[in-house]
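Structure record follows, encoded as structure tokens.
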């Protein structure tokens, strides 16, 4: 019906609605952080709509705006405001709704002090921001709404973030996240390298390879030592062979000496073993000479120049 606004009527309605719990903070809905689409219920010709659109486009230009134009004063205003709120509340793509007008007298603000508007806002499924343009006085819509803004411009500021600050904040967080990621990756790389070294050290295949390498080294050293030992033994053997050849009586035959043998093949070592007319064998380099003892001279030998000439003759 008709609603002729007065201070007493507003106060009486406010007290009654407050007792019913329409102003309880527990019923307030949170505003979305990044609204994709914003619904506005206000006059299409007033300064309020221009202020709201200007602030939203400046702060968050990617947001879409759907305006439901209504009368904000006069006898038909409460009904149109309720219809606009209900229509935008039914739109699934609307995230938040602003309703209000520019400032005015108590009589000019009566639509936002109307009980039907208050109950419509209270029953809304989407969050509602009240943006009636007065800073000192409150309307009943302000108390019922999920958030009260002092002016339409202030309402636009609270429903959308400032995109430039968001970009700066995101860039700062991205840098911190990237640095944290790099630090984490570096730590994991260090740990992986440590684990790999540990696995390589304790890996039985690598240990077996090390043992094989160690065995190869030992085998090479053993070969070297054996070659040295064999060479030493060969030198010793050669020396012994040369010494034996030198001492071998047979080898003296090559140097022009002879060996006297009796008829039984025994070597005659002294003239005391000989008898006159005894037949002997004289073994020389290339044969045997049959000789016969005709004279025995004991103790006589070549001395001095005779021995030297005899040695030179050989």
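Residue numbers (my numbering): 9 to 322.
The C-beta atom is built at its ideal place from N, Cα and C for all residues, glycine as well.
- Rounded to the nearest whole angstrom, the CA to CA distance from residue 171 to residue 82 is 38 Å.
- Excluding residues up to 5 positions away in sequence, 97 lie with their Cβ nearer than 8 Å to the Cβ of residue 133 in the same chain.
- Segment contact: the segment 19-31 against the segment 85-102, fewer than three CB-CB distances shorter than 8 Å; contact not assigned.
- Rounded to whole angstroms, the separation of the alpha carbons of residue 225 and residue 219 is 10 Å.
- As a beta-bridge residue in DSSP terms, residue 76 pairs with 49.
- In the DSSP assignment, residue 219 falls within the alpha helix (DSSP H) that extends over 212-255.
- According to the DSSP assignment, residue 289 belongs to the beta strand (DSSP E) that extends over 287-292.
- As a beta-bridge residue in DSSP terms, residue 269 pairs with 275, 289.
- Residue environment analysis places residue 195 among the exposed positions, since fewer than 16 neighbouring C-beta atoms fall within 10 angstroms of its C-beta.
- Closest in C-alpha terms to residue 75, from the list 67, 105, 69, comes 105.
- Contact between residue 138 and residue 153 holds: CB atoms are separated by about 4 Å, below the 8 Å threshold.
- By the beta-carbon neighbour count (other beta carbons within 10 angstroms, threshold 16), residue 202 is exposed.
- If you ignore the 5 residues before and after residue 266, its C-beta comes within less than 7 Å of the C-beta of 290, 291, 292, all in its own chain and listed in chain order.
- Looking at the DSSP output, residue 128 sits in no beta bridge, so it has no partner there.
- The segment 53-60 makes no contact with the segment 176-189, as fewer than three CB pairs between them are under 8 Å.
- DSSP places residue 147 outside both helix and strand once states are collapsed to three, so it counts as coil.
- In this structure, 151 is the residue among 282, 151, 284, 63 with its C-alpha nearest to the C-alpha of residue 126.
- In this structure, residue 269 and residue 276 form a Cβ contact; the two beta carbons are roughly 7 Å apart against a cut-off of 8 Å.
- Beta-bridge partners of residue 298 (DSSP): 289.
- Residue burial annotation: residue 284 is exposed, with fewer than 16 other C-beta atoms found within 10 angstroms of its C-beta.
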